[in-house]
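Peer 1: Just so we're aligned, residue 2 is where the sequence shown starts under our numbering, counting upward by one.
Ideal placement from N, C-alpha and C gives every residue a C-beta, glycine not left out.
My questions will all concern the structure given below.
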Amino acid sequence: MSTAPRRNRRAPSSTSPRTARAKPTPGVVTEPEPRPDKVPFDIDDVLARVRESVRDFADAAMFALSARGHDSLFEQLVACILSIRTLDEVSLPAALALLQRASTPEALARMSSDDIDALIRPVTFHEAKAHQLHAIAVRTRDELGGTLPCDAQVLQSFKGVGPKCAHLALGIACGHEAISVDIHVHRVTNRWGYVKARSPEATMAALETQLPRKYWVELNRLLVPFGKHVCTGSRPKCSTCPVRDACRQVGVTNPR
């Protein structure tokens with residue numbers, strides 16, 4: 002009885018297209034790539050210089066509100082929602098107008114969405130935000146006993162509230178050590194070469210692995226004005242930047 006010759010089967014290689022590839026983790030650079038024209042990157046020294054350079058600039062809107070006494074978690078969450086896709090110069094007056102009228106969930110829930118909208122009209126997407134804020138106030142009153150808990154999961158359970166707003170509001174109002182990454186924090190830390198990440202979410206994950214915890218809340222406070230006035234989106238002011246000798250200037254092609 003003859004048998005057909007057996008075919009040799011090759012074990013699948015590690016590069017086989019059928020082999021599942023591990024999901025890449027956010028890029029982390031604890032020490033930016035060395036360059037002969039740059040000094041070693043020291044985050045303590047860099048942030049100390051940034052802190053001094055932004056001393057005369059206006060504080061980011063949420064920190065400015067806190068300094069004026071609007072420092073409850075509810076007020077900070079309201080302010081962050083108003084700031085989304087809106088300049089601080091616009092969102093801060095709108096937040097003040099609204100919070101001076103209704104600074105608690107109970108008071109805001111008693112207002113209509115139309116009344117809220119009339120007070121926040123200058124901000125981007127004001128009508129949608131008015132409905133969103135009213136819904137948050139009503140749910141906080143009816144389901145949470147009238148007080149927002151210092152809990153990121155609870156905050157992010159509200160429609161339209163993501164990690165950025167949740168973390169920043171918790172950091173300012175509750176003292177939670179949480180990193181809030183907006184477009185300025187994302188751009189600046191990647192330009193420095195301190196992280197390598199393609200999105201604010203990936204930047205936050207990378208920063209959580211290496212940024213000293215003592216800077217987690219302050220980072221947003223420092224880099225928002227620094228990103229607005231010095232390390233700008235287009236044509237950053239590298240010639241007068243206080244950390245130029247350490248910054249790797251990743252992606253910078255047309256500096257001032």
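Under a three-way DSSP split, which group does K197 fall into?
Peer 2: Start at 1 with the first residue of the sequence shown, and residue 197 comes out as number 196. Strand, per DSSP.
Peer 1: Going along the chain, which residues of its own chain have a beta-carbon closer than 6 angstroms to the beta-carbon of R111, five neighbours each way excluded?
Peer 2: Here residue 111 is taken as the residue at index 110 of the sequence shown, counted from 1. Same-chain partners within the cutoff: there are none.
Peer 1: Since I believe D89 is in contact with L129 (beta carbons under 8 angstroms), could you give me their beta-carbon distance rounded to a whole number of angstroms?
Peer 2: By one-based count along the sequence shown, residue 129 stands at place 128. By one-based count along the sequence shown, residue 89 stands at place 88. Note on identity: in this sequence residue 129 is Ala, with Leu being the wrong assignment. A129 to D89, Cβ: 20 angstroms. No contact.
Peer 1: Alpha carbons only, please: which of Q101, S84, F75, A247 is nearest the one belonging to V139?
Peer 2: Indexing the sequence shown from 1 puts residue 139 at position 138. The shortest Cα separation from V139 among Q101, S84, F75, A247 belongs to F75.
Peer 1: Considering only residues of the same chain and omitting the five flanking positions on each side of V124, which have a CB-CB separation below 7 angstroms?
Peer 2: Position 123 of the sequence shown holds residue 124. Hits under 7 angstroms: L83, T87, V91, S92, A95, K130.
Peer 1: Helix, strand or coil: how does DSSP classify D46 here?
Peer 2: For the purposes of this step, residue 46 is identified with residue 45 of the sequence shown, where counting begins at 1. Of the three classes helix, strand and coil, the one that applies to D46 here is helix, per DSSP.
Peer 1: In chain order, what residues of the same chain have a beta carbon less than 7 angstroms from the beta carbon of P106, not counting five sequence neighbours either side?
Peer 2: The residue given as residue 106 occupies position 105 in the sequence shown. Correct list, in chain order: F75, A138, T141, R142, G147.
Peer 1: Tell me, please, whether the region 180-187 touches the region 150-160 by the rule of three or more beta-carbon pairs shorter than 8 angstroms.
Peer 2: No, the region 180-187 does not touch the region 150-160.
Peer 1: Beta-carbon separation of A207 and V47 under 8 angstroms?
Peer 2: Position 206 of the sequence shown, counted from the first residue, corresponds to residue 207. Position 46 of the sequence shown, counted from the first residue, corresponds to residue 47. Against a cut-off of 8 angstroms, the Cβ pair of V47 and A207 comes out as no contact.
Peer 1: Look at the alpha carbon of H127 and the alpha carbon of D38, and state the distance between them as a whole number of angstroms.
Peer 2: Counting from 1 along the sequence shown, the entry for residue 127 is found at position 126. Counting from 1 along the sequence shown, the entry for residue 38 is found at position 37. Approximately 47 angstroms, taken between the alpha carbons.
Peer 1: Tell me the rounded alpha-carbon separation between S67 and R192.
Peer 2: Translated into positions along the sequence shown, residue 67 becomes position 66. Translated into positions along the sequence shown, residue 192 becomes position 191. Roughly 29 angstroms between the two C-alpha positions.
Peer 1: Alpha carbon to alpha carbon, what distance is there between E219 and P213?
Peer 2: Numbered from 1 along the sequence shown, position 212 holds the residue referred to as residue 213. Numbered from 1 along the sequence shown, position 218 holds the residue referred to as residue 219. Cα-Cα distance, rounded: 11 angstroms.
Peer 1: Quick check on P35: buried or exposed, where buried means 16 or more other Cβ atoms within 10 Å of its Cβ?
Peer 2: As a working mapping, residue 35 is identified with position 34 in the sequence shown. Under this definition P35 is an exposed residue.
Peer 1: Is the separation between the beta-carbon of V253 and that of P243 shorter than 8 angstroms?
Peer 2: By 1-based counting over the sequence shown, the position of residue 253 is 252. By 1-based counting over the sequence shown, the position of residue 243 is 242. Cβ distance not < 8 angstroms, so V253 and P243 don't count as in contact.
Peer 1: By the DSSP assignment, the alpha helix (DSSP H) with I85 in it spans what residues?
Peer 2: Numbered from its first residue, the sequence shown carries residue 85 at position 84. Taken as a continuous stretch (DSSP letters only), I85 belongs to no alpha helix (DSSP H), as it is neither H nor E.
Peer 1: Would A72 and I173 be called neighbours here (beta carbons separated by less than 8 angstroms)?
Peer 2: Sequence index remark: in the sequence shown, residue 72 carries index 71 (1-based). Sequence index remark: in the sequence shown, residue 173 carries index 172 (1-based). The sequence given here places Asp at residue 72; Ala does not occur at that position. Result yes, Cβ atoms of D72 and I173 sit closer than 8 angstroms.
Peer 1: Mapping DSSP to helix, strand and coil, what is A103?
Peer 2: In the sequence shown, counting from the first residue as 1, residue 103 sits at position 102. If DSSP states are grouped into helix, strand and coil, A103 belongs with coil.
Peer 1: Kindly list the residues whose CB is nearer than 7 angstroms to the CB of A103, restricted to its own chain and excluding five residues on each side of it in sequence; keep chain order.
Peer 2: By one-based count along the sequence shown, residue 103 stands at place 102. Here the set comprises L109, M112.
Peer 1: With a threshold of 7 angstroms on Cβ separation, who are the neighbours of V251 within its own chain once the five nearest residues in sequence on each side are excluded?
Peer 2: Taking the sequence shown and counting its residues from 1, the one referred to as residue 251 is at position 250. These residues qualify, in order along the chain: N191, R192, G194.
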